[in-house]
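The structure appears right after this line, and notes come after that.
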Amino acid sequence: MGNKKRNFDISGPKHLKDIVDWNNADHRRSAISSLVQGVYVLESERENSTNAQPWYESFKFQLVEPLKRDDQSIFGAIYKYIGKYPAPDSDVLPRYVIAFRGTVDFKRPNILINDIMLNVKVARNEPEESSCFTLAMDRVKRLVKENGAPNVWLAGHSLGAAIALIVGRNMMLKQNCSLEAYLFNPPYISFPIEKYLGTSMVKDKEKLVRIARGIFKIGLAVAAECQINPQMQEQKADTFCLLSRWTPHLFVNPGDFVCSEYIAYFNDRLETGPQMMKLSKKGCTTVNLLLHFAWGKDLKDAMHLLPSADLTVNQSRPREKTAANDFIKNFKRAHELCQWWHREVRCQSTRYVYSTTEDPGQ
Numbered sequence: 001m002g003n004k005k006r007n008f009d010i011s012g013p014k015h016l017k018d019i020v021d022w023n024n025a026d027h028r029r030s031a032i033s034s035l036v037q038g039v040y041v042l043e044s045e046r047e048n049s050t051n052a053q054p055w056y057e058s059f060k061f062q063l064v065e066p067l068k069r070d071d072q073s074i075f076g077a078i079y080k081y082i083g084k085y086p087a088p089d090s091d092v093l094p095r096y097v098i099a100f101r102g103t104v105d106f107k108r109p110n111i112l113i114n115d116i117m118l119n120v121k122v123a124r125n126e127p128e129e130s131s132c133f134t135l136a137m138d139r140v141k142r143l144v145k146e147n148g149a150p151n152v153w154l155a156g157h158s159l160g161a162a163i164a165l166i167v168g169r170n171m172m173l174k175q176n177c178s179l180e181a182y183l184f185n186p187p188y189i190s191f192p193i194e195k196y197l198g199t200s201m202v203k204d205k206e207k208l209v210r211i212a213r214g215i216f217k218i219g220l221a222v223a224a225e226c227q228i229n230p231q232m233q234e235q236k237a238d239t240f241c242l243l244s245r246w247t248p249h250l251f252v253n254p255g256d257f258v259c260s261e262y263i264a265y266f267n268d269r270l271e272t273g274p275q276m277m278k279l280s281k282k283g284c285t286t287v288n289l290l291l292h293f294a295w296g297k298d299l300k301d302a303m304h305l306l307p308s309a310d311l312t313v314n315q316s317r318p319r320e321k322t323a324a325n326d327f328i329k330n331f332k333r334a335h336e337l338c339q340w341w342h343r344e345v346r347c348q349s350t351r352y353v354y355s356t357t358e359d360p361g362q
């Protein structure tokens, strides 16, 4: 990470310094993404993190604890808000924010290797085998117990968004605890069904892909239910229903292949929802078998299967057809965290809420 990117006065949302309106969604997005940037800077300047302080102190937060993994690298941070509250019971302002960074750049190869290994675990839906996840869950549970769920927020970028998402899912499923979550460029992990459909199968291939993808995803949701907790199966609880009360904030860029599939995911849910919701649990056995042969294992907890979400799409940089040599540059621009605090960013937000009836509606 270059010195300019680490410097809040050069790269940060200094126009919001000390004047954040927490009732303003754009201000909240900018402030929370800045806290995540603070984790990147804490790791980059582990010995002397003077550049990190403005990323959280500018918004009246103080660093409570940096979260370190076994190699002593900082992958997360706990921040505490020390400013004034607009109201005693304000629900638009966190008491604590637990933020997680994404993968570091190539300038720190030793840390990068461990980040890549964690990315692989996330891709294989095995994050619980990571010490990062264990530590994150421990701190979140403790803060929730001491301060209450409404006072604890989660945040993360890229790999960090995946950690925050998984922690949030687990808190909802196992603790019945809904935490506010801000997930920037969260990875979307799915089975690439489109690659296995021939072009001459049907006249309207795109429609078939949407329906097949809808069947597959909702089948995954039901199949995952039987894996999370055996008691859930006995009680005939629906995983999607249990998760539906949790509505994380997802921030995605159409030009970022890591997270852009969330746009299609929620659009597909709306287009195929009424028909797909009629799938029986017995029918989903086939889907589970498909997963077994495709992945070589059961998919216990597919993190991208979200019933509800506030989806915010960056419309400032629409996807464009570009030369192959510009691919990496365009991807990095679409995946960077700083886009979410830029003053000129144009965003469109849509709230998707899962319905327990046959019409899953928006």
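Numbering follows the UniProt record's numbering, with no gaps: position 132 of the sequence shown is 132.
Using N, Cα and C, we set each Cβ at its ideal position, and we do this for glycine too.
Beta-carbon contacts of residue 266 that lie in its chain and below 8 Å, excluding the five residues immediately before and after: On the sequence shown, residue 266 is found 266 positions in, with the first residue counted as 1. Here the set comprises 309, 311, 350 and 352.
Whole-angstrom distance between residue 326 and residue 162, CA atom to CA atom: Counted from its first residue, the sequence shown places residue 162 at position 162. Counted from its first residue, the sequence shown places residue 326 at position 326. Going from the Cα of residue 162 to the Cα of residue 326 covers about 27 Å.
Contact set for residue 52: own chain, Cβ-Cβ below 7 Å, skip 5 residues either direction: Your numbering for residue 52 matches position 52 in the sequence shown. So the list reads 38, 41, 42 and 45, once near-sequence residues are dropped.
Whether residue 36 touches residue 157 by CB criterion (7 Å): Here residue 36 is taken as the residue at index 36 of the sequence shown, counted from 1. Here residue 157 is taken as the residue at index 157 of the sequence shown, counted from 1. Yes; because the gap between Cβ atoms is below 7 Å, this pair is in contact.
C-alpha gap between residue 340 and residue 148, whole angstroms: Position 340 of the sequence shown, counting from 1, holds the residue named residue 340. Position 148 of the sequence shown, counting from 1, holds the residue named residue 148. Between residue 340 and residue 148, the C-alpha separation is close to 28 Å.
Cβ-based burial, residue 172 [other Cβ within 10 Å; buried from 16]: What you label residue 172 is simply residue 172 of the sequence shown in a count that begins at 1. Buried is the call here.
Whole-angstrom distance between residue 261 and residue 180, CA atom to CA atom: Taking the sequence shown and counting its residues from 1, the one referred to as residue 180 is at position 180. Taking the sequence shown and counting its residues from 1, the one referred to as residue 261 is at position 261. In a straight line, the C-alpha of residue 180 is about 22 Å away from that of residue 261.
Beta-bridge partners of residue 247, as assigned by DSSP: As a position in the sequence shown, residue 247 is number 247, starting the count at 1. In the DSSP output, where bridge partners are listed per residue, residue 247 has none listed.
Residue burial classification, residue 110 (beta-carbon count within 10 angstroms, cutoff 16): By one-based count along the sequence shown, residue 110 stands at place 110. By the neighbour-count rule (16 or more Cβ atoms within 10 Å), residue 110 is not buried but exposed.
Burial state of residue 15 (16 or more Cβ within 10 Å): Along the sequence shown, one-based indexing puts residue 15 at 15. Answer is exposed; the Cβ neighbour count stays below 16.
Residues sharing a beta bridge with residue 258, DSSP: One-based indexing of the sequence shown puts residue 258 at position 258. For residue 258, which the question treats as bridged, DSSP gives no partner whatsoever.
Distance between beta carbons of residue 54 and residue 12, contact taken as under 8 Å: Stepping through the sequence shown from its first residue, residue 12 is reached at position 12. Stepping through the sequence shown from its first residue, residue 54 is reached at position 54. Yes, residue 12 and residue 54 are in contact; Cβ-Cβ is about 7 Å, under 8 Å.
8 Å contact criterion, which residue 184 and residue 337 should meet: CB distance rounded: Working through the sequence shown from its first residue, we reach residue 184 at position 184. Working through the sequence shown from its first residue, we reach residue 337 at position 337. Right, the Cβ-Cβ distance comes to about 6 Å (below 8 Å), so this counts as a contact.
Per-residue DSSP class, three states only, for residue 153: Here residue 153 corresponds to residue number 153 of the sequence shown, with the count starting at 1. In this structure, residue 153 counts as strand in the three-state DSSP scheme.
Exposure label - residue 23; buried when at least 16 CB within 10 Å: As a first step, residue 23 is located in the sequence shown; it is residue number 23 there, counting from the start. Counting Cβ neighbours within 10 Å, residue 23 comes out exposed, since fewer than 16 surround it.
Identified DSSP bridge partners for residue 180: The sequence position of residue 180 within the sequence shown is 180, counting from 1. Answer is 153, bridged to residue 180.
Simplified DSSP assignment, three categories, for residue 79: Reading the sequence shown from its first residue, position 79 is the one you call residue 79. Here residue 79 sits in strand by DSSP.
Assigned exposure category for residue 198 - 16 Cβ within 10 Å defines buried: Against the sequence shown, residue 198 aligns to sequence position 198. Residue confidence is low: residue 198 scores 43 on pLDDT, short of 50, so the model does not pin down where it sits. Its coordinate-derived value is still stated next. Under this definition residue 198 is an exposed residue.
Inside the region 49–125 only - alpha helix (DSSP H) runs reaching at least 4 residues: 53–57 and 109–123
Alpha-carbon spacing of residue 68 relative to residue 132, whole angstroms: Within the sequence shown, the letter at position 68 stands for residue 68. Within the sequence shown, the letter at position 132 stands for residue 132. Going from the Cα of residue 68 to the Cα of residue 132 covers about 8 Å.
Bounding residues of the beta strand (DSSP E) (the contiguous stretch that carries residue 313): In the sequence shown, residue 313 corresponds to position 313, counting from 1. Residues 309–314.
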